[in-house]
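> One structure, pasted below without further comment.
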Amino acid sequence: TDQRLGYGDSSMPIASPLAFIIGGFLVGFGTKLGNGCTTGHGICGLARMSKRSLIAVLSFMATGIISASACSVTCPGYPYLRASYDSIIDNLPTDTTITVGTVIASLAAGSAISGFLRKSPSPNATKAEQDEYTNNRRKIIPSIFSAAMFAMGLVTSGMTISSKIYGFLNVKGLFTEGTWDPTLACVMGGGLLVSFLSYQLVKGFN
10 TDQRLGYGDS SMPIASPLAF IIGGFLVGFG TKLGNGCTTG HGICGLARMS KRSLIAVLSF
70 MATGIISASA CSVTCPGYPY LRASYDSIID NLPTDTTITV GTVIASLAAG SAISGFLRKS
130 PSPNATKAEQ DEYTNNRRKI IPSIFSAAMF AMGLVTSGMT ISSKIYGFLN VKGLFTEGTW
190 DPTLACVMGG GLLVSFLSYQ LVKGFN
């Protein structure tokens with residue numbers, strides 16, 4: 010398996026450019042419509058026992074399972090949504106594109122520095138403005154550490170490998186193929202537990 014695919018499993022279907030475009034649009038539209046992403050609803054929302062997050066999680070998980078399980082070679086859209094390795098080999102990452110991506114990611118991460126350099130409110134600022142400034146400053150360091158821990162957790166658990174996600178969503182692997190991968194459920198469950206316990210320590214939450 011070409012490691013540049015990030016799949017980790019040669020039997021996993023390869024998405025076509027059209028599938029990436031449609032998938033990207035649906036993810037963006039769904040995130041906007043649901044007012045949150047998979048992590049926001051699945052870990053933070055459920056930890057707060059939000060009914061809206063529960064509905065969102067059930068909706069996107071069910072859709073993902075149906076899509077992964079049903080889009081087989083017999084699916085009418087299969088020729089358009091799936092591609093062969095030979096047809097995409099020229100579009101895989103190169104040393105140059107990886108370098109450019111690393112630079113862009115570094116610049117995006119560096120933009121957080123502006124939070125440290127933000128000027129203090131003027132002496133004439135209202136108490137609400139001063140409180141907002143103080144509160145925002147307090148969030149910077151915890152946000153950096155939580156983001157770093159989140160990223161390391163995804164890499165350590167293998168959640169950056171697409172076949173791990175597909176292996177969970179494709180329920181045919183559970184019933185007929187014997188290839189079902191429960192890693193996603195374990196990672197999400199662990200994150201949900203930590204988030205739930207943490208919310209109990211938030212002042213005013215209970």
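Counting with this note's numbering, you get residues 10 to 215 for the letters of the sequence shown.
Every residue, glycine too, gets a C-beta built ideally from N, C-alpha and C.
Kindly list the residues whose CB is nearer than 8 Å to the CB of Y89, restricted to its own chain and excluding five residues on each side of it in sequence; keep chain order.
If we look at Y89 and ignore the five residues flanking it on each side, its Cβ neighbours are S25, L27, A28.
> Write down every uninterrupted run of the alpha helix (DSSP H) in the segment 120-163 whose length is 4 residues or greater and which is fully enclosed by it, in chain order.
Qualifying alpha helix (DSSP H) stretches, in chain order: 122-126.
> If you drop the 5 nearest sequence neighbours on each side, which residues of the same chain put their C-beta closer than 6 Å to that of V164?
Answer for V164: no residue qualifies.
> Within 10 angstroms of the Cβ of I107, are there 16 or more other Cβ atoms? Answer buried if so, exposed if not.
When all chains shown are included, I107 counts as exposed.
> Starting from L178 and walking both ways along the alpha helix (DSSP H), at which residues does that stretch end?
First-last of the alpha helix (DSSP H) with L178: 171-178.
> If you follow the alpha helix (DSSP H) that K212 is in, where does it begin and where does it stop?
Neither: K212 is in no alpha helix (DSSP H) and is coded neither H nor E.
> Taking one C-beta from the segment 47-57 and one from the segment 142-151 each time, how about it: are there three or more such pairs within less than 8 Å?
In short, these stretches do not touch, since the Cβ pair count stays below three.
> Just grab the DSSP bridge partners of R216 for me.
Residue numbering for the chain in the displayed model covers 10 to 215; residue 216 lies beyond these limits and cannot be assessed.
> CB I23 to CB A92, shorter than 8 Å?
Cβ distance < 8 Å, so I23 and A92 count as in contact.
> For L178, which residues of its own chain have a beta-carbon under 6 Å away from its beta-carbon, when the five flanking residues on both sides are left out?
Closer than 6 Å at the Cβ level, and outside the excluded window around L178, lie G73, I74, A77.
> Within 10 angstroms of the Cβ of D190, are there 16 or more other Cβ atoms? Answer buried if so, exposed if not.
Under this definition D190 is a buried residue.
> Tell me where the alpha helix (DSSP H) around F69 begins and ends.
Here the alpha helix (DSSP H) through F69 covers 60-79.
> Excluding the 5 residues preceding and the 5 following T40 in the sequence, name in chain order all residues of the same chain whose CB lies nearer than 7 Å to its CB.
Here the set comprises C46.
> If we ignore side chains and look at the alpha-carbon of each, how far apart do C155 and K60 end up?
One point to set straight first is that residue 155 is Ser, not Cys, in the sequence displayed. When rounded, the distance between both Cα atoms is 25 Å.
> I'd like the list of long-range same chain contacts for V66, defined as Cβ closer than 6 Å, with 5 residues on each side in sequence excluded.
If we look at V66 and ignore the five residues flanking it on each side, its Cβ neighbours are H50, G51.
> In three-state DSSP terms, what is N100?
Reduced to three states, the DSSP call for N100 is helix.
> Smallest Cα separation from Y208: which of G37, L35, M58?
The shortest Cα separation from Y208 among G37, L35, M58 belongs to M58.
> Would you say the beta carbon of N145 comes nearer than 7 Å to a heavy atom of the ligand SAM?
In the structure shown, the ligand SAM is absent, as is every other ligand, since no ligand is present at all.
> So for G86, helix, strand or coil by DSSP?
The answer is coil: DSSP assigns G86 none of H, G, I, E or B.
> Could you give the distance in angstroms between the alpha-carbon of F38 and the alpha-carbon of N44?
Those two C-alpha atoms are separated by around 10 Å.
> For M217, does the count of other Cβ atoms within 10 angstroms reach 16, so buried, or fall short, so exposed?
Outside the displayed range of the chain (10 to 215) lies residue 217, so it cannot be described from this structure.
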